[in-house]
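Visitor: FYI, the numbering for the sequence shown is 13 to 121, going by my numbering.
No residue lacks a Cβ here, since even glycine has one placed at the ideal position from N, Cα and C.
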Amino acid sequence: MTKHYDPQKHHRRSIRLPGYDYGQSDAYFVTLCTQGRECVLDAPIVSGIITAVWHALPRWFPGIELDEFVIMPNHNHLIVWIFPGETNVAAGVDRAGVDRAGASPAPAL
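1) I'd like to check one pair, residue 38 with residue 72: are the Cβ atoms closer than 9 Å?
2) On the premise that residue 70 lies in contact with residue 80, defined as a C-beta separation below 8 Å, what is that separation, rounded to the nearest angstrom?
3) Looking only at its own chain, which residues have a Cβ that is under 8 Å from the Cβ of residue 85, when we skip the five neighbours before and after it?
4) Quick one: grab the DSSP three-state call for residue 42.
5) Output the distance between the C-alpha atoms of residue 28 and residue 75, rounded to the nearest integer angstrom.
And the structure:
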């Protein structure tokens, strides 16, 4: 089932800067929130997983460099540098380092 844009229901507007070339290398500020803003990220095991995944991102997406990140109880803030034209997915290796030749790559970050 395909969902269609309905301006009566969908009121989101673009937060992109008019005229800015998002295809160029630059730093991006990203906020990730938990569903329902539930405070679950401050548990030591969860924050440890988030930290490990953060540091692993450049292996999965070689076209990025990490800057800063902070873990809050119900959201994360991060700054990531994106370099278009670089390979965005490590070919043939999945997130666990297992060969996945022939599989479809993950979407670009």
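Guide: This is what the structure gives:
1) Position 60 of the sequence shown, counted from the start, is the residue given in the question as residue 72. Position 26 of the sequence shown, counted from the start, is the residue given in the question as residue 38. Going by C-beta atoms, residue 72 is not nearer than 9 Å to residue 38.
2) Along the sequence shown, one-based indexing puts residue 80 at 68. Along the sequence shown, one-based indexing puts residue 70 at 58. About 14 Å separates the two Cβ atoms, so there is no contact after all.
3) Translated into the one-based positions of the sequence shown, residue 85 becomes position 73. If we look at residue 85 and ignore the five residues flanking it on each side, its Cβ neighbours are 51, 52, 53, 54.
4) As a working mapping, residue 42 is identified with position 30 in the sequence shown. The three-state secondary structure of residue 42, taken from DSSP, is strand.
5) As a working note, residue 28 is residue 16 in the sequence shown. As a working note, residue 75 is residue 63 in the sequence shown. C-alpha separation (whole angstroms): 21 Å.
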